[in-house]
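In my numbering, the protein residues as written are 4 to 148. Every residue gets a Cβ at the ideal spot worked out from N, C-alpha and C, and that includes glycine. Data block below; observations after.
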């Protein structure tokens with residue numbers, strides 16, 4: 004089964020920067036971009052445009068922006084943690100906000116890590132590479148979800 008990285012990001016520039024960073028880091032996983040919370044949940048729960056997908060074939064990691072159209076990142080995170088199949092899925096918030104309330108709320112909802120997006124291109128690429136290295140290479144995922 005192919006393991007994908009699900010990037011939930013409505014800003015096409017940030018999505019492209021993440022794609023470049025993973026390419027530069029030689030991350031083999033395919034990057035799948037969901038442009039809003041609805042699209043992300045449809046993919047994860049195999050509904051809507053993704054109705055034919057096996058819902059047990061989960062991504063390796065979800066990189067989640069908080070400020071999304073339709074359904075925001077907090078609601079996506081809550082839905083992931085409330086579902087038995089996706090509960091153990093690694094979720095990293097990657098967002099522009101460093102507001103303590105956003106950080107605290109994300110952790111209260113069960114996020115694995117919270118990263119503020121660097122504004123500088125090189126720092127952004129470096130941060131995404133580190134995320135890929137840790138979560139896709141070093142981290143030992145839970146088996147059996």
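Beta-carbon to beta-carbon, residue 128 and residue 12 are separated by about 15 Å, too far to satisfy the 8 Å threshold.
Taking C-beta separations shorter than 8 Å and ignoring five residues to either side along the sequence, the partners of residue 69 in its chain run 75, 76, 77, 96, 98, 100, 105, 109, following chain order.
By the criterion of at least three beta-carbon pairs nearer than 8 Å, the segment 137-146 is in contact with the segment 60-69. Unbroken alpha helix (DSSP H) runs of no fewer than 4 residues, entirely contained in the segment 14-92, are found at 15-27, 40-47, 76-85, following chain order. When C-beta atoms of the segment 111-120 are compared with those of the segment 40-53, fewer than three pairs fall below 8 Å, so the two segments do not count as touching.
DSSP places residue 136 in the uninterrupted alpha helix (DSSP H) bounded by 124-136.
In the DSSP assignment, the residues bridged to residue 95 are 66, 116.
A residue is called buried once 16 or more other Cβ atoms fall within 10 Å of its Cβ, and residue 124, having fewer, is exposed.
For residue 10, there is no enclosing alpha helix (DSSP H); the enclosing beta strand (DSSP E) has its first and last residue at 7-11. Taken through DSSP and simplified to helix, strand or coil, residue 144 comes out as coil. Of 59, 71, 107, the smallest CA-CA separation from residue 87 is found for 59. Between residue 32 and residue 102, the alpha-carbon positions lie close to 31 Å from each other.
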